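In the numbering used here, the protein residues as written are 75 to 156. Quick reminder that beta carbons are idealized off the backbone N, C-alpha and C, glycines included. From a predicted model like this one, the values you see are computed outputs, not experimental measurements. Below: one structure, written as structure tokens.
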Amino acid sequence: MSMEELKGKAQEAAGRVQKAAGDAFDNNECRLKGQLRQGAGRIQSQYGEAVDRVRDFAQDKPFQALGIAALAGWVIGRVLKR
């Protein structure tokens, strides 16, 4: 588990607590901020997971990873030339 994934899980948990506090005190602003924080944490956690998967793929299949990176660079270059 990467640091980004851990940070995301922590932020998601903090968002759950903040949302629960908003529910308990009937505070819509706190509830909404908690939901947003929870969503941001989930996104950050998924980002960390994706980075781990890409890193593992590049270590397992370096030549395929290099080919994919070269192709992506070529496509981006062609798109930006237009």
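- The residue from D100, D97, G147 and Q85 with its alpha-carbon nearest to that of Q112 is Q85.
- By the Cβ-count criterion, Q92 is buried, with 16 or more other Cβ atoms from all chains shown falling within 10 Å of its own Cβ.
- G82 counts as buried, since at least 16 other C-beta atoms from the protein chains shown sit within 10 angstroms of its C-beta.
- The alpha carbon of I117 has as its nearest neighbour, out of A94, A87 and V153, the alpha carbon of A87.
- D100 and A139 have their alpha carbons spaced roughly 51 Å apart.
- R156 and V128 have their C-alpha atoms some 29 Å from each other.
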